[in-house]
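Protein chains in written order, with the working numbering: chain X, 132 to 457; chain Z, 56 to 387; chain Y, 2 to 313. No residue lacks a Cβ here, since even glycine has one placed at the ideal position from N, Cα and C. The block underneath contains the structure these notes are about, expressed in structure tokens.
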Amino acid sequence: MLIFLLRRFIQACFVMVIISVISFAIQDKLGDPVQQMVGMTVSVEERQQLREQLGLNDSFLTQYWRFTKNALQGDLGTSFYYKKPVLEVIFQKVPATLELAFCAIVLVVLIATPFGVLAAIKPKHAISRIVMIVTSIGLSVPIFIVAILMMYLFSIEWNLAPSFGRGETTQVLGFWESGLFNKDGLNHLLLPSLSLAFALMPIFTRLIRAEMMEVLQSEYIRFAWSKGLSSNRIYFIHALKNTMLPIITIGGIQAGTLVAYTILTETIFQWPGMGFLFMDAVSRVDTPLISAYLIVVGGMFVITNTVVDLIYGLVNPTVRLASHGL
Amino acid sequence: MNLLSVSNLHVNFHIKKHELAALIDVSFTLNRGERIAIVGESGAGKSVLGFSIVNLISKPGYIHSGSIKLENKDISKMNLRQLQEIRGKRIAMIFQDPMMTLNPVLTIGDQLVETIRSHTRIAYKDAKNIAIQKLQHVQISSPETRFNQYPHELSGGMRQRVIIASVLLLNPDIIIADEPTTALDVTIQAEILQLLLSICEDNGVALVLISHDLGVVSKVAERTLVMYAGRIVEEGPTLEIINDPQHPYTQGLLNALPQMALPGQRLNQIQGSMPSLSERPSGCAFHPRCPYATEKCQQEQPSFINSGVSSVACFIVEDMLNEFADEEEAYL
Amino acid sequence: MKYTRKDLMHPLSDSRFSHMWSGFIGDKLAILALIIFAFYCLVALLAPLLTPYDVNDVNFMDLMNAEIAPSWITQDYHFLLGTDAQGRDLLTVILYGTRLSLTIGICAVLIQATLGICIGLVAGYLGGRIDNFLMRCADIQLSFSNMMVAIIFLAIVQSLFGLAVYQQLAMVILILVIGLSEWPLFARTIRASVLAEKQQEYVDAARVMGFGSKRIMFRHILPNTLSPILVIFTIQIANAIIAEAALSFLGLGMPSTEPSLGALISEGFSYMFSGSWWICVIPSVTLIILILAMNLLGDWLRDHLNPKVYKD
């Protein structure tokens, strides 16, 4: 277990170093802080002096070292646009994105599991056929079209839910602006999280079905039948638990897709989260913000993957975590 | 009355619009406490027969006709609920590969207790006690610890013991053991076989042992059925069949045993191999491999006759018997 | 040990493809998918010949003609499917957009395949540390999904070179980004096949006969891994097209002045609520049908060639 965590930690550091180099390079190459700090009237000499003061003429490595040192102290620079420390700006938006992603994942699990299982148990049932047709169409409809369609139907045509923004939020635990605890917030959450869920659902439904079908062929399931167990016990305890093992792994891998999709969803629904912020930063060429976003997302990523691996180890008794980690 | 009687059982596989016969006209009976063996090469349909007794044939296969009667009830016509009542409780199965038979993500205890609790209304604690008692019964050391372990923490022989324990939980009338020792080390094979035998004898359980190994069969079973290409070709008391095999196929199987060959001599294989389901030869299915085959064998299916040793389906044996009878008549 | 001719030949025989063909004829859905795909390819190829408008003409974009509804509403047969907000003929833009989507999709997947196959072959054949290292890289690359890598990379490039330069290079950059970010799928599948094939007798035979390892790899293993490659290829083209559309939708891909389906949908999205639904809906449907056809073809190939596509 310790070895596993250690190896994971080393790998995480490796990934983070790469990300930090990239984001440093962005900041270094893209923005000229002097330009940002002073006006047009300042002479070339004065600029040069300022550059010297700021250490901008130092070698790449020295600058990178300074960047990392600051980063470790939680200072990733100041946003050009917001004129505030970037981390502060990003962390303000984190709750919105996390809540959106969380609701989408819950929806995916709640919808994909029963349909995937049903399609595997009774492949000839009418619902299973519909599930297969819907998922294969679903796999072919890009998420932004799903989102547009939902917005059009639910918001414009039927006026069931608001189409943009986050609505009211309540403060939880002192720092977390949550939209989960009041009706308006939940209403606003409905369409974005549904769209996000619909984008991920087809692939998970199909995966669950395929894995479940494979598990149902195995000897231990046959043995379970020969013991005279009830169908429910066989399907939901013997088979489902084994089915979930590969799904968890794939779920970890899909985390990246989820991040990409949150950017799309947030842009369409103008959801004030990190993705929306990122696209804004890109269009404003707010380099400190872009590079900080990279680092924050990279960090979340590493954490997610580690957590997924831990869960996998907990569910699967045959895995000793020490031998599993990368 | 017979405990189990299978009569005229036909099992087909429905593959891509083709009907392939896996079992043809199989009939046999099993008495209370009796131990029988089903022998044949792989592909003979032994396992299909074993699984069809509990109506658990894997997917494209289905029972086409015939009946499988447990006392008076026909298993082949039961619905799932009735089957679930019988499986495990009246008829229990032991599978070939203990490494694959136990669910890797559930503890040994879970898998034992669930069997009891799905058939009887009983508290978890009592079920656990029964399970631990049965684990002791199959000579598993420190059953309390094993109870909480996962299958991967146990060796193959240990797992097969656990499976035998799980089969015993509800004191079934019949145990079907499908090649229970094939996947195990030779040294453990004998132990497991001995365990199985003593359990059947002690509890008066009937046993259907499925095996390709006549050596294994001779130690356990009282009666033997020899199968070839989905049919029973010879049936009789084990000892007599081994001492005086009638059907050329049985003779071939016996000659192929390593014990039968002299040191340095080549093993006496049967020429050729078992036909696949779709390429079943006409007449007696064994004729392409049979050293004595005649033209008649290629065209007609022999029926069962009593050879005095066993009941056998073979024209050669039939002709020989007729000759004997003629000679005897002439002598008289 | 004696090797017969049959052992030395790789087991890719004609019968597999003839079997495939006969299965194909029997499956109406697969035929339909192939026909649709062929139709798209043809239309994309002939786009300049099919439309009366010249996309490079200055008059092609005429704000006077903006937001004209499709011909079955207006009875104006100048613009069959109407015009977009910039006054371009929608049909022409869609034709060129399809052309662009397919070009980007196919080119990107060609890059993926070349890179992935080379890496997979090397990793699988050489094994050991190189294999370990390459597969770790694949793991890490795979866990950052291609969409995310593409979005971030494009965002950086865009702010690095400025919008004007970026728009000129957009297509090349898109192909490169999508092409470079999904190689692990090919690499892992190929590696798995190579590991399996390595055990086979004909590779031993070739080695015994003194052929070099490169020759063995490319002459013997590659043909055998064709079927999984074919499956991934088809599905990846669909994914690449989706990625291109999504990136263009975000404004990170093709600029809105260029005829791209994603950009068109994004543009139409803002006009959708003012009643000009066709700008958004028609290109969406075009895109969905194309992707659906590719996915159906991929599914069918997977079922019938039955290769073990590496699952995760």
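In this structure, I229 of chain Z sits away from F150 of chain Z, with a CB-CB distance that is not shorter than 9 Å. In chain order, L138, Q139, E140, I141, R142, G143, K144, T170, S173, H174 make up the part of chain Z whose C-beta sits under 8 Å from the C-beta of G359 of chain X. Residues of the segment 394-424 of chain X with a C-beta less than 8 Å from any C-beta of chain Y: I394, L395, T398, I399, F409, M410, V413, S414, V416, T418, I421, listed in chain order. Separation of the CB atoms of I378 of chain X and V446 of chain X is rounded to 10 Å, and the pair is thereby denied contact status at 8 Å. Beta-bridge partners assigned by DSSP to Y283 of chain Z: Z:R286.
Proximity of F145 of chain Y to chain X, defined by a Cβ-Cβ separation below 9 Å, is satisfied. Check the Cα spacing between L248 of chain Z and each of Z:N258, Z:G259, Z:G270: the tightest is with Z:G270. Using a CB distance below 7 Å, no part of the segment 223-247 of chain X faces chain Y. Excluding five sequence positions before and after G269 of chain Y, the CB atoms of its chain that fall closer than 6 Å to its own CB belong to I280, C281, given in chain order.
Identification of chain X residues near V109 of chain Z by a Cβ-Cβ cut-off of 8 Å yields S357, ordered along the chain. At a cut-off of 9 Å between C-beta atoms, P448 of chain X counts as an interface residue with respect to chain Z. For Y283 of chain X, the chain Y residues whose C-beta falls within less than 7 Å of its own C-beta are M273, listed in chain order.
For M343 of chain X, the enclosing alpha helix (DSSP H) starts and ends at 314-347. Contact check between the segment 327-347 of chain X and the segment 243-251 of chain X: three or more CB pairs, one atom from each, fall below 8 Å, which counts as touching.
Nearest Cα to F211 of chain X within the set X:I434, X:G382, X:I442, X:D411: X:D411.
As the crow flies, the alpha-carbon of L75 of chain Z is around 5 Å from that of N67 of chain Z.
DSSP, reduced to helix, strand and coil, places M133 of chain Z outside both helices and strands of the structure shown, so it counts as coil. Beta-bridge pairing by DSSP links N147 of chain Y to no other residue. With a cutoff of 9 Å on beta-carbon distance, I108 of chain Z and H65 of chain Z are scored as not near each other.
Scanning Y:I153, Y:L135, Y:Y97, Y:I236 for the CA closest to the CA of A423 of chain X turns up Y:I153.
The beta-carbon separation of Q166 of chain Z and S221 of chain Z, rounded to 7 Å, stays under the 8 Å limit for a contact. T156 of chain Z has a beta carbon lying within less than 9 Å of a beta carbon in chain X.
Between H174 of chain Z and E140 of chain Z, the C-beta spacing is below 9 Å.
The three-state reading of DSSP puts M56 of chain Z in coil, since its state is none of H, G, I, E or B.
As a beta-bridge residue in DSSP terms, E308 of chain X pairs with X:Q302.
Between R90 of chain Z and E277 of chain Z, the gap from beta carbon to beta carbon is short of 9 Å. Interface flag for P159 of chain Z against chain X is set, since a Cβ pair is found closer than 9 Å. CA-to-CA, the gap between L284 of chain X and S275 of chain Y works out to about 14 Å. For the options X:K314, X:V146, X:D206, X:V237, the alpha carbon positioned closest to that of M332 of chain X is the one of X:V237.
Within the segment 318-349 of chain X, contact with chain Z at the beta-carbon level (separation under 9 Å) is assigned to Q348, S349. With distances taken between CA atoms, A368 of chain Z lies nearest to Z:V281 out of Z:A385, Z:E382, Z:V281.
DSSP places F250 of chain Y in no beta strand (DSSP E) but in the uninterrupted alpha helix (DSSP H) bounded by 227-250.
Your pair L293 of chain Y and S259 of chain X does not check out as a contact, with CB atoms roughly 20 Å apart and the cut at 8 Å.
Along the segment 240-255 of chain Y, going in chain order, the ones with a CB nearer than 7 Å to a CB of chain X are I243, A246, A247, F250, L251. In the DSSP assignment, I120 of chain Y falls outside any beta strand (DSSP E) and within the unbroken alpha helix (DSSP H) covering 91-127. Beyond the five residues adjoining it in sequence on each side, P330 of chain Z comes within less than 7 Å, by CB distance, of A284, P336, A340 in the same chain, given in chain order.
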